[in-house]
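Visitor: Those sequence lines, one after another, are chains A and B. Letter 206 of the first sequence, counting from 1, is numbered 205 in numbering that gives the first Met the number 0, and no numbers are missing. Letter 351 of the second sequence, counting from 1, is numbered 350 in numbering that gives the first Met the number 0, and no numbers are missing. All residues carry an ideal CB built from backbone N, CA and C; glycine is no exception. Let me give you the structure first, and then I'll get to my questions.
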Amino acid sequence: MSKFPLERIRNFSIIAHIDHGKSTLADRLIQFTGGLSEREMTNQVLDTMDIEKERGITIKAQTVRLDYTAQDGVQYQLNLMDTPGHVDFAYEVSRSLAACEGALLVVDAAQGVEAQTLANVYQSIEHDHEIVPVINKIDLPAAEPEKVRAEIEEVIGLDASDAVLTSAKSGIGIAEILEAIVTKIPPPKGDPHAPLKAMLVDSWYDPYLGVVILVRVVDGVIRKGAQIKFMQAGTTHLVDRVGCMRPKLEQLSELGPGEVGIITAQIKEVAQTRVGDTITDAKKPADAPLPGFKEVQPVVFCGLFPVDANDFEKLRESIAKLRLNDASFSFETESSAALGFGFRCGFLGLLHLEIIQERLSREYDLDLITTAPSVVYHVYLTNGEMVPLHNPADMPDPVKIAHIEEPWIEATIYVPDEYLGGILKLCQDRRGIQMNMTYVGGRAQLTYELPLNEVVFDFYDRLKSISRGYASFDYHQIGYRQGDLVKMNVLVNAEPVDALSMIVHRAAADARGRHMCERLKDLIPRHMFKIPIQAAIGAKVIARETISALRKDVTAKCYGGDATRKRKLLEKQKEGKKRMREYGSVSIPQEAFIAALRMGEGT
Amino acid sequence: MTQHYAPLALYIHWPFCVAKCPYCDFNSHVRTGVDHTAWEQALLADMAHEFALTQGQRVGSIFFGGGTPSLMPPRLVGALIDSAARHWGLMPDVEITLEANPSSVEAARFADLAAAGVNRVSLGVQALEDEALHRLGRVHDVAEALAALGVAQANFARVNIDLIYARPGQSVEAWRAELERALALGTEHLSLYQLTIEPGTRFATEVAMGRLHPLDADAAADQFELTRAMTAAAGLPAYEVSNHAQPGAESHHNLAYWRYQDYLGIGPGAHGRRGGVATLRLKKPENWLSAVARHGHGLVEETLLEPRDRAREALIMGLRLREGVDVARIAARTGLRAADIIDDAGVAQIEAQGLLRRAADHLIVTEAGMLLLDSILREAVR
Chain A
0 MSKFPLERIR NFSIIAHIDH GKSTLADRLI QFTGGLSERE MTNQVLDTMD
50 IEKERGITIK AQTVRLDYTA QDGVQYQLNL MDTPGHVDFA YEVSRSLAAC
100 EGALLVVDAA QGVEAQTLAN VYQSIEHDHE IVPVINKIDL PAAEPEKVRA
150 EIEEVIGLDA SDAVLTSAKS GIGIAEILEA IVTKIPPPKG DPHAPLKAML
200 VDSWYDPYLG VVILVRVVDG VIRKGAQIKF MQAGTTHLVD RVGCMRPKLE
250 QLSELGPGEV GIITAQIKEV AQTRVGDTIT DAKKPADAPL PGFKEVQPVV
300 FCGLFPVDAN DFEKLRESIA KLRLNDASFS FETESSAALG FGFRCGFLGL
350 LHLEIIQERL SREYDLDLIT TAPSVVYHVY LTNGEMVPLH NPADMPDPVK
400 IAHIEEPWIE ATIYVPDEYL GGILKLCQDR RGIQMNMTYV GGRAQLTYEL
450 PLNEVVFDFY DRLKSISRGY ASFDYHQIGY RQGDLVKMNV LVNAEPVDAL
500 SMIVHRAAAD ARGRHMCERL KDLIPRHMFK IPIQAAIGAK VIARETISAL
550 RKDVTAKCYG GDATRKRKLL EKQKEGKKRM REYGSVSIPQ EAFIAALRMG
600 EGT
Chain B
0 MTQHYAPLAL YIHWPFCVAK CPYCDFNSHV RTGVDHTAWE QALLADMAHE
50 FALTQGQRVG SIFFGGGTPS LMPPRLVGAL IDSAARHWGL MPDVEITLEA
100 NPSSVEAARF ADLAAAGVNR VSLGVQALED EALHRLGRVH DVAEALAALG
150 VAQANFARVN IDLIYARPGQ SVEAWRAELE RALALGTEHL SLYQLTIEPG
200 TRFATEVAMG RLHPLDADAA ADQFELTRAM TAAAGLPAYE VSNHAQPGAE
250 SHHNLAYWRY QDYLGIGPGA HGRRGGVATL RLKKPENWLS AVARHGHGLV
300 EETLLEPRDR AREALIMGLR LREGVDVARI AARTGLRAAD IIDDAGVAQI
350 EAQGLLRRAA DHLIVTEAGM LLLDSILREA VR
């Protein structure tokens, strides 16, 4: 089979805010070009995980090849890359974009441009993409396509005069989009005779095929049976399958320059395949890897513990299985006096954390306790050494600490004017530094620098509630800065509870401590003795509550007929006690930890 | 395992009441036209069945409970006592208690009941305030109850009064006054129960619907402490969580439960402990009656208790007593080691708080600990 002519290939992605109809549009494109029969179409074909469907977001990059015969009578190969749709997966997004020459910018005709969209558009522009504006949902009663067209021109600076007007849901404008892809987006470039150079765009674990790798060939040809080499990882593998997704797997003999497809190479773990790596011919390697490779680093950490200590092994197996398919999170064993054995896990961001947690509880049927999320602090010791701190429990002795640095982000917030005041206050409260503020047609675009640890708690929830869901938020890390950070311990009956300790800014410590003590006072049941609850920084107590002693717990009547019932009740209570954690002789129910640590509640 | 030297305690259940009280979760039923002859035959048969399994032992106490056993014809009560005497033989100091409602109708039978062999009555006075009696769903008023008490005291050497306190809205002063009146009535024994909202009762429904507000636990604790102090000062100290008596006037029958000695239970829903076997009879009167007619007994369950279960029950029951429990004796009776029965670390911790005391092989809940007994059991019992 001869290589597919480069000039008849179009690789494109779809940029859209959540809910703006990306998945529906992708489905329509597949349907229109005959990729799937009517019967095979289930909604949102590309989002294969339940969580993806429910949340309307894409976690793994997906691809689909479409055959499209254009109005000029020529058959084109269109490769649609469905990119992850969240800031947590920004690096994955950048690799997917690098595999394309153009993008459809889908904007909701009623809601207009969102911050998330902007960030992706800028990324797309950085990759020199040709961007085709698409105004979707034009048949909605609230649709204002002309206003949105103006907004695209004003806010993004793109010419939207020939934006395609569509309703993916109703099937309006699909043919026009396909025609625009062919006419506006340039074909890929590449040399079929040069040594193989292909980008590893993404990979996932398939129970039947093993690890499946999504590739974009830049130069050369990748063939079944070839020995390939991952230039960053340094490993070599035998290609045993080459194909493309339509969206079902179709086997091919080879992929040439400009083509997007999949390969398998008898690889067992996703961790062996790093997104952004360069695949080359092991026998005739390229002289340099493709640019832009980055090692992904977890940003947000938290402890995951089984509610039932007997589930520890099950949790270990489940996490290991998940990691087969998601190398971007890290885990190591952690033991907490309060919560028993569990894992300290690192995530790309809060959404990533939630997704993993949800998959563990849903797909593996595990009851989990999640400790408060924390970021990685850089602790500089007096001896000049720098210790990265993932877990507040591991904080070195304060006398040995010279100073602590924390990660900062630059956040872009896009908010309707009427909620601006509330959002500004939120940012100030979270130690934000305002860098820029511009007004565009009834909305403000804010740029703030913020400490990441102020964002991982409940910033996003607060942002959404203050703006009634209208504000959008995007961020990227901008490095580490020194901060007046302290470790706050929570003591129950004078004993520190490791799972509740946290690192906070000194100015926020009092409020955080008071809040935690008040919460715990309501959550810990009364005992036979009074229980002091304290929040402390070092030896200094900053907040205190007392749970008064239980005074009455006795059965009034107990005669011959009650022995069995009382015994069974006692057995049940003793069983219940096993699900509690002992702290300074205080039994703390699991629910209390879960409630005290629950993210996003008034911290 | 069976203690051949300890006398048996015999419980006889009469399941019928004139009306169901809103706080009561006992096995009681309102029925008209009860066939007393059929019930006599059935109770005698049920008793004979138990006798066949416990020959050679003697009966130290009989307790007629319910329901309202004061509704039983005295002749029937006499027939059951006589039958027990014929089967096992009664100890010379046998205690025969009958629970009675303090109504004029029932008081009229007291002389006949005494003649039939009953030597102790437990009167369900429940409150010494008319308003409270009404709320508790009782059909008698205070005057009628006091009149019945007079009749009881004239006919029986030993009389107990049941009272329910820590009632919704009851103040500690009101209870003090009520208890003072109760102590002045001159009975040798007082059962003073804090009102407990039991699941499945009308009170439970009212609480759930927000129409009834139980007294809060701290106020109830104050009243409990007051009760202990007043009864002790009056010479009827508490010998169990809710029971107070002049020294020597304790209920032998109930002590058998708390000391975890063998007790036989006959009649609908009656529980028994027969040589390590837990017995239970059919609850519903009609089902029990027909079961006895068919099989000669009303048993629905006979469960051989594990040594661990028996040890737990012995502790649950025994720690209610001021005298505490003899851990070594429970160990000997169950074949377990003391360390298998009690949690030494838990005990040490509670002991340090002054809620529990160890004296040789004895484990005794202190005066301060009694209010927290259920919490103590969770820590102390293995």
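Quick check for students: name the residue ranges of the alpha helix (DSSP H) that lie wholly in the stretch 95-123 of chain B, counting only runs of 4 or more.
Guide: 103-106 and 109-115
Visitor: Measuring alpha carbon to alpha carbon, tell me which of B/Gly116, B/Val104, B/Ala131 and B/Glu179 ends up nearest B/Glu143.
Guide: B/Val104
Visitor: Considering only the beta carbon of each residue, do B/Cys23 and B/Thr200 sit closer than 8 Å?
Guide: yes
Visitor: DSSP state of A/Thr57, grouped into three classes?
Guide: At A/Thr57, the pLDDT of 48 sits below 50, so the modelled position is not reliable and the matter cannot be decided from this model.
Visitor: When DSSP labels each residue in this structure, what does B/Ser69 get in the three-state scheme?
Guide: Looking at B/Ser69 - three-state DSSP - the assignment turns out to be helix.
Visitor: Can you find at least 3 beta carbon pairs, one from the stretch 177-189 of chain A and one from the stretch 144-159 of chain A, that sit closer than 8 Å?
Guide: no
Visitor: Could you have a look at A/Thr332 and say whether DSSP puts it in helix, strand or coil?
Guide: Residue state, collapsed to three classes: strand.
Visitor: Shortest alpha-carbon distance to A/Tyr469 belongs to which of A/Gln110, A/Asp66 and A/Phe11?
Guide: A/Gln110
Visitor: Tell me whether A/Tyr459 sits in a helix, a strand or coil according to DSSP, three-state version.
Guide: helix
Visitor: Where do the N-terminal and C-terminal ends of the alpha helix (DSSP H) with B/Glu130 fall, by residue?
Guide: Asp129 to Arg134
Visitor: Classify A/Lys52 as helix, strand or coil using the three-state DSSP reduction.
Guide: Summary for A/Lys52: the model assigns pLDDT 49, below 50, so the residue's position carries little reliability; its value from the coordinates is reported in the next sentence. The answer is helix: DSSP assigns A/Lys52 an H, G or I state.
Visitor: Rounded to whole angstroms, what's the CA-CA distance from A/Arg54 to A/His16? Just pull it up for me.
Guide: Residue placement at A/Arg54 is flagged as unreliable, the pLDDT there being 48, under the threshold of 50; a coordinate-derived value is accordingly withheld.
Visitor: Could you name the residues of chain A that B/Ile315 contacts, counting a contact when the two beta carbons are closer than 8 Å?
Guide: Cys557, Ala562, Lys565, Arg566 and Leu569
Visitor: With a threshold of 7 Å on Cβ separation, who are the neighbours of B/Ala5 within its own chain once the five nearest residues in sequence on each side are excluded?
Guide: Gln260 and Asp261
Visitor: Identify the contact partners of B/Asn253 in chain A, using a Cβ-Cβ distance below 9 Å as the criterion.
Guide: Chain-order list of chain A residues neighbouring B/Asn253: Tyr558 and Gly559, by C-beta distance under 9 Å.
Visitor: So the beta strand (DSSP E) A/Pro531 belongs to, where does it begin and stop?
Guide: In the DSSP assignment, A/Pro531 falls within the beta strand (DSSP E) that extends over Ile530 to Ile536.
Visitor: Cα separation between A/Asp428 and A/Ala507?
Guide: 9 Å
Visitor: What residue range is occupied by the uninterrupted alpha helix (DSSP H) comprising B/Arg311?
Guide: Pro306 to Gly317
Visitor: Would you say A/Pro391 and A/Ser373 are within 8 Å of each other, going by their C-beta atoms?
Guide: yes
Visitor: Considering Cα atoms alone, identify which of A/Val211, A/Thr234 and A/Asp276 is closest to A/Met244.
Guide: Ranked by how close their Cα comes to the Cα of A/Met244, the residues A/Val211, A/Thr234 and A/Asp276 have A/Val211 in first place.
Visitor: Can you tell me where the alpha helix (DSSP H) with A/Asn78 in it begins and where it stops?
Guide: A/Asn78 -> not in any alpha helix (DSSP H); beta strand (DSSP E) instead, spanning Gln74 to Asp81.
Visitor: What in chain A is Cβ-close to B/Thr230, meaning under 9 Å?
Guide: What B/Thr230 touches in chain A: nothing, since even the nearest Cβ is about 15 Å away.
Visitor: Does DSSP put B/Trp287 in a helix, a strand or coil?
Guide: Secondary structure of B/Trp287 (DSSP, three-state): helix.
Visitor: Which complete alpha helix (DSSP H) runs does the stretch 310-366 of chain B hold, if anything under 4 residues is left out?
Guide: 326-333, 337-340 and 343-351
Visitor: Tell me the rounded alpha-carbon separation between B/Glu305 and B/Arg180.
Guide: A straight line joining the alpha-carbon of B/Glu305 with that of B/Arg180 spans about 46 Å.
Visitor: Which residues in chain B have a C-beta closer than 7 Å to the C-beta of A/Lys168? List them in chain order.
Guide: Residues of chain B passing the Cβ test: none, with the nearest at roughly 48 Å.
Visitor: Can you give me, in chain order, the residues of the stretch 532-556 of chain A that have a beta carbon less than 8 Å from any beta carbon in chain B?
Guide: Residues Leu549, Arg550, Lys551, Asp552, Val553, Thr554, Ala555 and Lys556.
Visitor: Could you name the residues of the stretch 262-274 of chain B whose beta carbon sits closer than 9 Å to any beta carbon of chain A, in the order they occur along the chain?
Guide: Tyr262, Gly264, Gly268, Ala269, His270, Gly271 and Arg272
Visitor: How many Å lie between B/Ala107 and B/Ala126 at the Cα?
Guide: 21 Å
Visitor: In this structure, does DSSP put A/Ala162 in helix, strand or coil?
Guide: coil
Visitor: I think A/Gly519 touches A/Ala595, with their Cβ atoms under 8 Å apart; what is that distance to the nearest whole Å?
Guide: Sequence inspection shows Leu at residue 519 of chain A; the Gly mentioned does not correspond to that position. Yes, A/Leu519 and A/Ala595 are in contact; Cβ-Cβ is about 6 Å, under 8 Å.
Visitor: Span of the alpha helix (DSSP H) holding A/Pro144?
Guide: Pro144 to Glu150
Visitor: Give a yes or no on whether 8 Å exceeds the smallest Cβ distance from A/Lys573 to chain B.
Guide: yes
Visitor: Quick one: using the 10 Å Cβ neighbour count with 16 as the cut-off for buried, is A/Asp107 buried or exposed?
Guide: buried
Visitor: Terminal residues of the continuous beta strand (DSSP E) containing A/Lys196?
Guide: Lys196 to Asp205
Visitor: Report all residues from its chain with a CB closer than 7 Å to the CB of B/Trp257; omit the five preceding and five following residues, and keep chain order.
Guide: Glu239, Met316, Gly317, Arg319 and Leu320
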